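Each remark here refers to the structure printed beneath this line.
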Amino acid sequence: MLRYAARRLAAAVPVVLGVAVVTFLLLRLIPGDPARAVLGIHASPQQVAQLRHQLGLDEPIYQQLWSFLVGLAHGNTGTSIYYKVPVSSLIWAALPVTASLVAVSAVFCVVITVPLASLAAARQDRPADHAVRVFSLVGLGMPSFFFGIILIIVFAVDLHWFSVGGWGTTFTGHLRSLVLPGLTAAIAIAPVLIRSLRVGMLEVIESDFVAAARAKGLRGPRVLLAHVARNALIPTVTLLGINIAYLIGSTVVIERVFDLNGLGNLMLNAIGVRDFPVVQGVTIVYAIAVVVINLLTDLAAAQLDPRVRLR
Amino acid sequence: MAGQPGTDEIRPAARPPGLARTSPGLTRTSPGLTRRDLLWRSVAGAGLLAAGPVLAACSSGTATSSAGASANAGTPKRGGTLSFGRQTGPTQLDPANSIVEGDVYTLDKIFEPLYITNPAGQLVPWLAQGHTVSTDGKTWTFALRPGVKFSDGKPVTADDVVFSIQRAAGDANGPLSFLDFAIKSLKADGTSSVVATLSQPWAPFLSDISVFANAILPKDFGGQSASAFFASPVGTGPFTLKSFVKGGNVSLVRNPHYWQAGKPYLNAVDFVYINDDNQRVLQLKSGQVQVISAVPPTQVSALKADSSVVLEEFPSWAVDLVFFNEKVPQFADRNVRRAINYALNIPAIAQATTYGTAKPGGSFFPPSLQYYNDVPTLSYNLSAAKAELAKSKYPHGFSFSLLVSSGNSQYVAAATIIQQQLKPLGITVTLDQLDDAAFHTAFEAFNYQAMINGATNDISDPDEMASFQVDVQNGGSHSFWTYYDNPSAIALVRQAETQFDDAKRAALYAQIQAIVAQDAPYIALDYPPNIYAWSPQLHGFAVNPGGAYRLEDVWLG
């Protein structure tokens, strides 16, 4: 398995490199000048030209790309044009926020999905099943920025249970700040997982070994958890992995709604002022995160299903 | 200029021939969308959710900005920490290199200039006690306020002042260094007096000196490098820096050596970076912060009705306008521009796009700016519009594209209304929306036909705005990227710069505003106020028309 992981990681290098190069080129294709954003509207063309030269923005694109890639090979993502500090320091400051948000949402996903899907599968075509299916449809259709604001108004402004936004300063402060955004993100993804797990469980319930387990006299809940869920979980884990990768993208909106200064907010602001090195740096982190999560998903699926061989 | 009783000796000076408008290395440019504008850039991404990216967005009937202070009766209480939710987070604290809201309104609590602009828009002596001007208007002597100390306890001397202003004036990358272009030399006269010699008589000088970029720092940064100094800055302001996350939150604590005895009242101030409009409002309502900047105009009426919140619209030196690029033949035709001006129902546009928060536009000077004059404008009259167009070279209309920044919902809405209101003239408008960074690149390269944009004066003197928008060759922006060129208006702008007599200056600016209103090189749509909201427990909060708020008088009850 280690060799497999190492090979997969090696294969990720060209993927991350491709993302880096495409981002680099796209940024330079769109109009907008970082030097202007730094100097303000009063700056003379000479001042702008001087700063562009200082930043190396007047060099030919292939030369800029080359220095960017050389820097990257040395683990150097450059210096922010706008904040004038190393990009890595900005990323390290923002990464814990986004990572915790993704982790909390993943936990919420599982906490919401497993009981609801089990309930729906066990009570197929009965009112509980219909309720779960309607709930997942509503969750799927609700835009996260809208749902997030509803949660804020009810649980933060009126009830004061959680903070409206921000990141807090203590560990409990962080947790209080992460509940609502984590829930918002989870609600958007859970419906897909609930449906997948429900269908999976229904298929397994029909199978011979479940009938055999029941025939042995095992009770319903034990059959459901030990035999049905374990087998139905495999496609759902894969789906969860894909959705966590997707979740990383949706944190951009959620961070904005909940005022979390994570990678998403960092990138949005950087795009606004055309802070090229920051946008490139964050994109690379996203690319790496997606690759790693996909790998972990495959490893987890292999653990759950002995039939899967990793080569 | 708002002088200081007894200390000013402002004398009229003869206008010297052949004014040199540029000093070596510095391009004389002027006001524009500076802070607001840069603010948009810093939040351009917010377009996703932000309802109105305009920082200041609008204005209503508030007559004076000191109204906020007057509403706060009672004896000030000492202590407490103020949490202040703002739309931008600071990136650095060097006065000479700042222009973004988050930077400027953080560093001005740490560093102070010789004069400041109060909430009523008047200049008041601050680190200076007063000043005198020579009869030729070229030698300005500032007497320093005695007993002022830096936050490290060392006294402020004339050498510190000379160092600070020279540094600001000489910084080629300083976004506002152009304001110091008239300074020929600065020298200390003893320890408590500074003499500035100007290259020409320059009426706006006191206003220029009051800009935050000219704030006073210890000479040679107290022996440190600039970067070490700005990491733990030492100034004369009411607060000193405690902690600072670049682009994020900043904490300030009381300066024990502050020169105003007993102030500041607050122990500490936390500036919290809250980019999203809804978040700022909700965090205020939940009590997480006690005051917020840049309240979105869409929420103003709801917050006014909310008794748990105080909302105030402070008049600003800002104006939103439609600009015409006169390199486009249609817009070089004065009759066409006048026809468009007549065809626009400005009060209706202002009401609809700012939710009644901004006063409708008239003169290109905002009403809160010194020497504003309520000059006659080409107000809504469709038959006059048709008559003007008939006199032009395009009597049957034409098409043009109107450039707007896509993140600015107010401007996009205004553009849509303009599109409708020009139809009766046979003028077809297409909307050209670009994200803010691309928008700037486009119009600064004159790559547009007409646009909606905002202009802001940074200082109390209107010369900044007048030369930026009228003086096509020397103003720094070819009349705000329009190429509007009216030699008689330009001559009046030059005259006003060297005119020290208040009444005569007012008359000159009235003439300039009248000429521009008739030429219609750009059309003022509205005057957006700076909108702030705070908890009723906060007292003494007020904002000046430049958008700056001082916190030494603020207290929590």
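Protein sequence lines, in the order shown, are assigned to chains Z and L.
Numbering of the first sequence is given in the numbering used here, commencing with residue 8 and proceeding in unit increments.
Numbering of the second sequence is given in the numbering used here, commencing with residue 55 and proceeding in unit increments.
Note that the Cβ used here is the ideal one computed from N, Cα and C, for glycine as well.
No experiment lies behind these values; they were computed from the predicted model shown.
Residue i versus the options, residue with shortest Cα-Cα distance
{"i": "L:Val349", "options": "L:Ser361, L:Lys163, L:Ser340 and L:Gln333", "result": "L:Gln333"}
{"i": "L:Ser417", "options": "L:Leu295, L:Ser433 and L:Ala322", "result": "L:Ser433"}
{"i": "Z:Asn272", "options": "Z:His181, Z:Gly155, Z:Val104 and Z:Ser151", "result": "Z:Val104"}
{"i": "Z:Val2", "options": "Z:Phe152, Z:Gly39, Z:Gly269 and Z:Val117", "result": "In the structure as shown, chain Z begins at 8 and stops at 318. Residue 2 of chain Z is therefore absent and cannot be evaluated."}
{"i": "L:Thr245", "options": "L:Thr195, L:Val265 and L:Thr294", "result": "L:Thr195"}
{"i": "L:Trp313", "options": "L:Val299, L:Gly302, L:Gly291 and L:Lys300", "result": "L:Gly291"}
{"i": "L:Val288", "options": "L:Phe204, L:Ile153, L:Pro421 and L:Asp213", "result": "L:Phe204"}
{"i": "L:Gln424", "options": "L:Tyr603, L:Ser247 and L:Ala564", "result": "L:Ala564"}
{"i": "Z:Arg43", "options": "L:Phe493, L:Lys447 and L:Ala602", "result": "L:Phe493"}
{"i": "Z:Ile157", "options": "Z:Ala135, Z:Leu190 and Z:Val139", "result": "Z:Leu190"}
{"i": "L:Gln549", "options": "L:Asp539, L:Ala561 and L:Tyr538", "result": "L:Ala561"}
{"i": "L:Tyr465", "options": "L:Arg140, L:Asp580, L:Gln344 and L:Ile513", "result": "L:Asp580"}
{"i": "Z:Val45", "options": "Z:Ala124, Z:Ala56 and Z:Met8", "result": "Z:Ala56"}
{"i": "L:Leu479", "options": "L:Phe454, L:Ala496 and L:Phe500", "result": "L:Phe454"}
{"i": "L:Phe554", "options": "L:Tyr538, L:Ser152, L:Glu367 and L:Phe259", "result": "L:Phe259"}
{"i": "Z:Ser257", "options": "Z:Met274, Z:Gly82, Z:Ile98 and Z:Val211", "result": "Z:Met274"}
{"i": "L:Pro582", "options": "L:Trp371, L:Tyr576 and L:Val390", "result": "L:Trp371"}
{"i": "L:Thr536", "options": "L:Tyr576, L:Asn511, L:Pro449 and L:Ala568", "result": "L:Tyr576"}
{"i": "L:Gly302", "options": "Z:Gly207, Z:Trp174, Z:Val235 and Z:Ser203", "result": "Z:Trp174"}
{"i": "L:Asn172", "options": "L:Asp489, L:Pro369 and L:Leu592", "result": "L:Pro369"}
{"i": "L:Gly143", "options": "L:Leu610, L:Phe325 and L:Thr482", "result": "L:Phe325"}
is_contact[residue i, chain Z] using C-beta, thresh 8 Å
{"i": "L:Ser96", "result": "Unreliable positioning characterises L:Ser96 in this predicted model, as indicated by a pLDDT of 33, which lies under 50. A coordinate reading is not provided."}
{"i": "L:Asn332", "result": "yes"}
{"i": "L:Ala117", "result": "Confidence at L:Ala117 is low in this model, with a pLDDT of 36, below 50, so its placement is unreliable and the value that follows should be read with caution. Closer than 8 Å: no."}
{"i": "L:Asn379", "result": "no"}
{"i": "L:Ala105", "result": "Unreliable placement is indicated for L:Ala105, whose pLDDT of 31 sits below 50; the coordinate value is still reported in the next sentence. No, because no Cβ of chain Z sits closer than 8 Å to the Cβ of L:Ala105."}
{"i": "L:Asn540", "result": "no"}
{"i": "L:Lys440", "result": "no"}
{"i": "L:Gly601", "result": "no"}
{"i": "L:Tyr581", "result": "no"}
{"i": "L:Ala491", "result": "yes"}
{"i": "L:Asn528", "result": "no"}
{"i": "L:Ala496", "result": "yes"}
{"i": "L:Val364", "result": "no"}
{"i": "L:Tyr169", "result": "no"}
{"i": "L:Ser340", "result": "yes"}
{"i": "L:Thr536", "result": "no"}
{"i": "L:Thr352", "result": "no"}
{"i": "L:Asn399", "result": "no"}
Residue i - partner residues in DSSP beta bridges
{"i": "L:Tyr581", "result": "L:Lys413"}
{"i": "L:Gln487", "result": "L:Val458"}
{"i": "L:Phe138", "result": "L:Phe325 and L:Val345"}
{"i": "Z:Phe1", "result": "The structure shown has nothing for residue 1 of chain Z, since chain Z only spans 8 to 318."}
{"i": "L:Leu610", "result": "L:Leu592"}
{"i": "L:Arg308", "result": "L:Phe293"}
{"i": "L:Gly184", "result": "L:Ala197"}
{"i": "L:Glu367", "result": "L:Ile585"}
{"i": "L:Gly508", "result": "L:Asp374"}
Neighbour flag for residue i against chain L, beta carbons, 8 Å
{"i": "Z:Asp40", "result": "yes"}
{"i": "Z:Gln287", "result": "no"}
{"i": "Z:Asn268", "result": "yes"}
{"i": "Z:Val121", "result": "no"}
{"i": "Z:Arg43", "result": "yes"}
{"i": "Z:Arg183", "result": "no"}
{"i": "Z:Ala296", "result": "no"}
CB-CB length for residue i against residue j, believed under 8 Å
{"i": "Z:Leu64", "j": "Z:Val28", "result": "That pair is no contact at about 18 Å."}
{"i": "L:Ile506", "j": "L:Val376", "result": "5 Å"}
{"i": "L:Asp234", "j": "L:Ala222", "result": "6 Å"}
{"i": "Z:Ile196", "j": "Z:Leu254", "result": "6 Å"}
{"i": "Z:Ser151", "j": "Z:Ala192", "result": "7 Å"}
{"i": "L:Ile270", "j": "L:Leu181", "result": "6 Å"}
{"i": "Z:Pro284", "j": "Z:Thr30", "result": "About 11 Å separates the two Cβ atoms, so there is no contact after all."}
Output, in sequence order along the chain, the residues in the region 229 to 250 of chain L whose CB is closer than 8 Å to any CB in chain A. Included in the structure are the protein chains Z and L, with no chain A among them.
When Cβ atoms are compared, which residues of the region 286 to 319 of chain L fall closer than 9 Å to chain Z? Hits within the stretch, in order: Val299, Lys300, Gly301, Gly302 and Asn303.
Check each residue of the region 197 to 228 of chain L: if its Cβ is closer than 7 Å to any Cβ of chain Z, include it; give the result in chain order. Ala226 and Asn227
Any C-beta of chain L within less than 8 Å: which residues of the region 150 to 177 of chain Z qualify? Phe152, Ile156, Ile159, Ile160, Ala163, Val164, His167, Ser170, Val171, Gly172 and Gly173
Return the residues of the region 80 to 107 of chain Z that lie within a Cβ-Cβ distance of less than 9 Å from chain L, sorted by chain order. Only those residues of the region 80 to 107 of chain Z whose C-beta falls short of 9 Å from the nearest C-beta of chain L are listed: Ser87, Tyr89, Tyr90, Lys91, Val92, Ser96, Leu97 and Ala100.
For the region 50 to 69 of chain Z, enumerate the residues whose C-beta is nearer than 8 Å to any C-beta of chain L, in chain order. Ala50, Ser51, Gln53, Gln54, Gln57 and Leu58
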